[in-house]
Structures are given as structure tokens and as C-alpha cells.
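Engineer:
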Amino acid sequence: MSFVNDKDVIEDGDLVILHLGQQNMQKLTVSKGKTHQTRWGCLRHDDILDKPFGSRIECANGYIYALKPTPELWTVTLSHRTQILYSTDISVVILQLDLKPGKIVVESGTGSGSLSHAIIRTVIPDGHLYTYEFHEQRALVAKEEFTDHGFADNVTVTHRDVIERGFDLNDKADAVFLDLPNPQQAVAHARDALKPEGGRLCSFSPCIEQVQKTCVEMSKLDFQEITTMECLIRNFEVRSLKMATPDMGDIEPLSYADDNALGLLCQSEQAVTFKSAIPPQQQAGHTGYLTFATLFHKSTDTT
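Here the sequence shown is numbered in this note's numbering, starting from 400 and rising by one per residue.
1. Would you mind working out which of Cys-614, Asp-578, Leu-477, Leu-528 sits nearest Ala-572, comparing C-alpha positions?
2. If we require 4 or more residues per run, which alpha helix (DSSP H) segments fall completely within the segment 449 to 490?
3. Taking the continuous beta strand (DSSP E) assigned at Ser-515, which residues delimit it?
4. Name the two residues that bound the continuous alpha helix (DSSP H) containing Thr-539.
5. So, for Ile-562: in the same chain, excluding its five sequence neighbours on each side, which residues have a beta-carbon less than 6 Å away from its beta-carbon?
6. In terms of alpha-carbon separation, which member of Gln-495, His-479, Val-522, Lys-467 lies closest to Thr-626?
7. Would you call Arg-638 buried or exposed, if buried means 16 or more other Cβ atoms sit within 10 Å of its Cβ?
8. Comparing C-alpha positions only, which one of Cys-458, Ala-465, Gly-526 sits nearest to Val-429?
9. Under 8 Å, with one C-beta from each stretch per pair, do the segment 686 to 697 and the segment 591 to 603 reach the 3-pair mark?
10. Identify the continuous beta strand (DSSP E) that holds Glu-506 and give its terminal residues.
11. Taking a contact to mean a Cβ-Cβ separation below 8 Å, would you say Gly-549 touches Ala-574 in this structure?
12. What residue range does the alpha helix (DSSP H) around His-588 cover?
13. Which same chain residues end up closer than 7 Å to Ala-517 when comparing Cβ atoms and leaving out the 5 residues on each side of it in sequence?
14. I'd like the list of long-range same chain contacts for Met-424, defined as Cβ closer than 7 Å, with 5 residues on each side in sequence excluded.
15. Can you give the beta carbon distance from Pro-468 to Phe-402, rounded, assuming they're within the 8 Å contact cut?
16. Measuring alpha carbon to alpha carbon, tell me which residue in Cys-601, Lys-674, Ala-643 is nearest Met-628.
17. For Thr-557 and Ile-519, I'd like the C-alpha separation in whole angstroms.
18. Between which two residues does the beta strand (DSSP E) holding Thr-530 run?
19. Would you mind working out which of Leu-448, Ile-447, Leu-414, Cys-458 sits nearest Gly-440, comparing C-alpha positions?
20. List the endpoints of the continuous beta strand (DSSP E) containing Glu-624.
21. Roughly how many angstroms lie between the CA atoms of Thr-487 and Ser-513, to the nearest whole one?
22. With Phe-545 and Val-554 assumed to form a contact (beta carbons below 8 Å), what rounded beta-carbon distance in angstroms separates them?
23. For the alpha helix (DSSP H) that Lys-619 lies in, which residues bound it at each end?
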């Protein structure tokens, strides 16, 4: 099932994203004659076949929507082989690395392929992603997924420990992304991979100690405009609230020191209803830091 074609109708063997409501989504490969259990009851695959993507499908206890897969929907439904980046961080990475069609990008490590899908979708049809994964089985699974999703011509998956062996890809990349346990040890390899005229580098790190070491190494190797940022989502809930209307009456001008007079302001049988955005009482914490840097020109002397 290609993530980039213009197919409108669901066919046998297609990947479909099931939207079950309340941000609950599942991935499903449609296979004629099979059934799938959902929170709303049994879903027959035959009920999805030949329906347009986006169709509402009735089940015994409710309904679902059958959506066309995108990198964003794949991110929230994929099987986690490693910790992944979500769309909040991914959007910043795509923007800050200045990715667009035709760009050549190097990524390490591949992990579950969440960021990889977004990068490929951004650089096609003429761009290419070279992604490296030190875990052989994860590399094989990622390669199979890229092929199934129609990205085979725009990605090269390599099983390799880039910290020890480098990328073996010199003077070719417009941008490099690092998601490694010790990214500072791969900065020199990333520099080698960038084109002679330079490019952009991004390193994702879960702790500030890694960020500090990486920034020091970037400075040593002529990278400039080094910037670290953290992306957090803060969801607001819109509610209807009521606020009492103060009854001023015939009260003389009040002093804030007059507690009895101030108390009268709060006595009212009238109330005003209004909409307000309420921030969450609790918020998901830290995910990681994104450190970006620019290599304006790759000189031959880095000592």
C-alpha cells in the first residue's frame, strides 16, 4: 500500500488506519474474508473492500472510519521497536533541516521508522534517505515496511554501527539526523557525509548531558548556529464556566483594606456564562532535546 499514490478506493491487501474515536487508532491490512475485533464489535474486512478511504463503517456497537495511511497516522499506530519521535518533534526536524523534494538525507538510527516515513514523504520524488540501524533485525523490518509502503526507490536501509564505522557516504548529504546513545561520537562522521558546501545537522538526545557533549563536538568541527530546543504539547480543554456578577448596590467607593465591603462584591444571585480554555492540571513531561547546527562550508582543516 503506497503512502504517496492517489488511490481512492480500498482494495484487498491495502493498509488502512482505523479511527475508533477518542484518538484511538489501529492499523489493519485488509484481507478478503477475514474479520477484525474492535471496541465497537467485529469488523468484517469485506465491509471495507471497495469503499472510499474515509468511509464510515458500521459495526455492531458503533462505527469506525477507514482512513488512508499517512506518515502522521503511521506514527501513532506503528509497532514500537524503539522509542519514537512523534509529529510535534518531526515537524520541527523537517523545518529546521530545510527538507524539500530532491534533498539527500542521512539518518541514524532507523529505529521504528517514524521519522523516516516523514523524511521520505518530504524529499520525494527525486530525493533520497540513507538510513542506518545497528540492530540487524530492526533494519530488516524497516526495509520491508518501506517497500510495502511504496518508498523502496527513495530509501536505502543499511545495517551498520555508524559510531564505530561511520556512514561510508562522503560529500553527499544535504542534512544529517542523529538519534544515537552517544551522538557526540558521530558528529565527525556526519560532517564527512555532508556536501562540500555544507548543510544542516540535527541530534536528538533525551538528556542534557548528551546535548552538552554534542554541542562541544559540533563547535570543534566548525558547525555554527548551534541551537537546542525542546518541543512540548499543551492541550487546552474548552469549557463553559459561570462567574457571579457582583452587586455593587449603593456602596460607597471601597478601599481594598475594607474586608466587609469587598465581601459584598461577591454576593450576587446573577451569573454570567462564558467559554474558557482550561489548561491541563497535569502535563506529559520531557521527551528529548533537538540540537541543530549549520556547516556553512566544509574546510579540509578541522584542527
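All C-beta atoms, glycine included, are put in the ideal place defined by N, C-alpha and C.
Structural biologist: In terms of the structure at hand:
1. Leu-528
2. 470 to 476
3. No beta strand (DSSP E) holds Ser-515; the alpha helix (DSSP H) holding it covers 513 to 522.
4. According to the sequence shown, residue 539 is Leu rather than Thr. DSSP places Leu-539 inside the alpha helix (DSSP H), whose first and last residues are 535 to 547.
5. Gln-584, Ala-585
6. Gln-495
7. Per the 10 Å Cβ criterion, exposed.
8. The shortest C-alpha to C-alpha distance from Val-429 to any of Cys-458, Ala-465, Gly-526 is the one to Ala-465.
9. yes
10. 503 to 507
11. no
12. 586 to 592
13. Cβ neighbours of Ala-517 beyond the five flanking positions: Pro-470, Ile-489, Ile-493.
14. Ile-416, Leu-417, His-418, Leu-472, Val-475, Thr-476
15. 6 Å
16. Cys-601
17. 16 Å
18. 527 to 532
19. Cys-458
20. 623 to 628
21. 12 Å
22. 5 Å
23. 607 to 619
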